[in-house]
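Working notes for the structure below.
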Amino acid sequence: MPGLDVDAWAARFAVLSDSTRLSLVIDMHEHPRSTVAELAKRAGITENAASQSLRALRDLGWVRAEKSGRTVHYEVVHDAIAHRILHDIVGVTHADGTHPVTVD
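And the structure:
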């Protein structure tokens with residue numbers, strides 16, 4: 001298909017196929033700059049499981065990590081595609097009401 005990067009789209013949707021990764025992405029969208037411990041606790045998983053999923057998310061370009069002293073903070077990379085997938089397909093909203101999900 002000319003102009004369509006099928007492999008890139010498949011990689012994006014691979015994130016959504018794993019419930020742990022999807023939960024972490026949604027949580028980071030709601031709580032930017034979370035630590036592994038915070039993410040693991042809210043997701044009800046071990047820190048090791050969270051770290052493995054975060055590594056995969058970083059490799060796929062969905063998440064970025066920023067080190068502050070000895071602490072690493074994680075957040076969703078808000079490129080236009082990831083943000084639209086979260087809002088338009090998954091139905092995630094912001095706590096402050098911005099980017100409301102529209103239903104046709």
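Quick note on numbering: the sequence shown equals residues 1 to 104 in the UniProt record's numbering.
The C-beta atom is built at its ideal place from N, Cα and C for all residues, glycine as well.
Everything numeric in this text was worked out from a predicted model, so none of it was measured.
Delimiting residues of the alpha helix (DSSP H) encompassing residue i
i	result
T20	19-30
D7	6-16
V92	Segment: none, V92 is in no alpha helix (DSSP H) and carries neither H nor E.
R33	From DSSP, R33 is part of no alpha helix (DSSP H); its letter is neither H nor E.
L60	Note, L60: premise wrong, no alpha helix (DSSP H); not H, not E.
Residue burial classification, residue i (beta-carbon count within 10 angstroms, cutoff 16)
i	result
R21	buried
L57	buried
W9	exposed
S19	exposed
S53	buried
Range of the contiguous beta strand (DSSP E) that encloses residue i
i	result
V76	71-76
S68	63-68
Other residues of its chain near residue i: CB distance less than 8 Å, five sequence neighbours each side excluded
i	result
L86	V25, I26, H29, V76, V92
S17	none
Coil, strand or helix - residue i by DSSP
i	result
P100	Note that P100 scores a pLDDT of 43, beneath 50, so its modelled location is shaky; the value from the coordinates is reported in the next line. DSSP places P100 in coil when its eight states are reduced to three.
I85	helix
Sequence-distant residues of its chain with Cβ nearer than 7 Å to residue i (five each side left out)
i	result
E47	V36, A37, A40
T71	T35
V15	R21, L22, V25, L57, L60, W62
Contacts around residue i, its chain only, beta-carbon distance under 6 Å, and the 5 residues preceding and following it disregarded
i	result
P32	E75
E66	H73
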